[in-house]
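Position one of the sequence shown corresponds to residue 1 (the UniProt record's numbering), numbered consecutively onward.
Note that beta-carbon positions come from the ideal geometry of N, C-alpha and C, so glycine has one too.
Keep in mind that this is a model prediction, so the values were computed, not measured.
Below: one structure, written as structure tokens.
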Amino acid sequence: MTTPRTEWPSTPIPEPIKHLLNKFYSLGDQKSDDASRQLGEDVFTPTGQIVVNKRTINGPAEIAVSNHGFWEGIKTRHHEVLKIYTCNDAADDLMLIGSVTWGFENGQIVEAGFCARAVIDDSYSEKPKLQLYQGWIDPSEMQDALKQQ
């Protein structure tokens, strides 16, 4: 999620888009099925996609169940967006750089960097939605920590 440390681009980002990004990361960092459902229904368009590395998740129904089994061995997850770049004046195509921290059931904590592209639909409205979230991350440290559970 964005924090006071987040560096924003010189191109103004509308407040509804800032709220959308915060909602995306806030819901994505929760374990509950309800948070996953809200992510699919409230954050993404009906044809929205999440692509992380080689995994593609299409539409609200798939997004709503995309975290099933993911949280096994993981107690907490927290994304922090450190810097945002805009690819155009409409601020509806963004690149984000950040870090994600996982807390594991055995007490171990692992942090990794990530970058992501966020394409926003209806960016000038009061309720924009994500059309695409495409992320890249090296999951090896997280996977190693899970093996130690």
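Cα-Cα separation, Glu-141 to Leu-82 = Translated into positions along the sequence shown, residue 141 becomes position 141. Translated into positions along the sequence shown, residue 82 becomes position 82. Each residue's Cα considered, the two are about 20 Å apart.
Taking Pro-60 and Phe-44 to be in contact with their CB atoms under 8 Å, please state how far apart those CB atoms are, rounded to whole angstroms.
-> The residue labelled residue 60 in the question sits at position 60 within the sequence shown. The residue labelled residue 44 in the question sits at position 44 within the sequence shown. Confirmed, about 6 Å.
Mind reading off the beta-carbon distance from Pro-128 to Leu-39? Whole number of angstroms is fine, and I expect it under 8 Å.
-> Along the sequence shown, read from residue 1 onward, the residue named residue 128 stands at position 128. Along the sequence shown, read from residue 1 onward, the residue named residue 39 stands at position 39. Approximately 15 Å separates the beta-carbon atoms of Pro-128 and Leu-39; this is outside 8 Å, ruling out the contact.
Test item: CB-CB of Ala-112 and Ile-137 under 8 Å = In the sequence shown, residue 112 corresponds to position 112, counting from 1. In the sequence shown, residue 137 corresponds to position 137, counting from 1. Result yes, Cβ atoms of Ala-112 and Ile-137 sit closer than 8 Å.
Could you spell out the range, first to last residue, of the alpha helix (DSSP H) harbouring Gly-69?
-> Indexing the sequence shown from 1 puts residue 69 at position 69. It is not in any alpha helix (DSSP H) - Gly-69 carries neither H nor E in the DSSP assignment.
Inter-residue Cα distance where the pair is Pro-12 and Ala-91 = Reading the sequence shown from its first residue, position 12 is the one you call residue 12. Reading the sequence shown from its first residue, position 91 is the one you call residue 91. In a straight line, the C-alpha of Pro-12 is about 7 Å away from that of Ala-91.
Residue from Asp-122, Leu-146, Asp-121, Val-52 with nearest C-alpha to Trp-102 | Within the sequence shown, the letter at position 102 stands for residue 102. Taking only the C-alpha atoms, the option nearest Trp-102 is Leu-146.
Report, in whole angstroms, the separation of the C-beta atoms of Ser-66 and Ser-36, which I expect to be a contact under 8 Å.
-> Translated into positions along the sequence shown, residue 66 becomes position 66. Translated into positions along the sequence shown, residue 36 becomes position 36. The distance from the Cβ of Ser-66 to that of Ser-36 is about 7 Å, consistent with a contact at the 8 Å cut-off.
Which residues bound the beta strand (DSSP E) around Ser-99?
-> Locating residue 99 in the sequence shown gives position 99, where the first residue counts as 1. DSSP places Ser-99 in the uninterrupted beta strand (DSSP E) bounded by 93-104.
What do you get for His-79, buried or exposed, if any count of 16 or more other CB atoms within 10 angstroms of its CB means buried?
-> Here residue 79 is taken as the residue at index 79 of the sequence shown, counted from 1. With 16 or more other Cβ atoms within 10 Å, it is buried.
Would you give the residue range spanned by the beta strand (DSSP E) that Glu-111 belongs to?
-> Taking the first residue of the sequence shown as 1, we reach residue 111 at position 111. First-last of the beta strand (DSSP E) with Glu-111: 109-121.
Taking Gln-143 and Asn-106 to be in contact with their CB atoms under 8 Å, please state how far apart those CB atoms are, rounded to whole angstroms.
-> In the sequence shown, the residue the question calls residue 143 occupies position 143. In the sequence shown, the residue the question calls residue 106 occupies position 106. Cβ atoms of Gln-143 and Asn-106 stay farther apart than 8 Å, at about 14 Å.
Could you check where the alpha helix (DSSP H) with Tyr-25 kicks off and where it finishes?
-> Taking the first residue of the sequence shown as 1, we reach residue 25 at position 25. Looking at the DSSP string, the run of the alpha helix (DSSP H) that includes Tyr-25 is 15-28.
From what residue to what residue does the beta strand (DSSP E) around Glu-80 run?
-> For this step, residue 80 is matched to residue 80 along the sequence shown. Start and end: 74-86.
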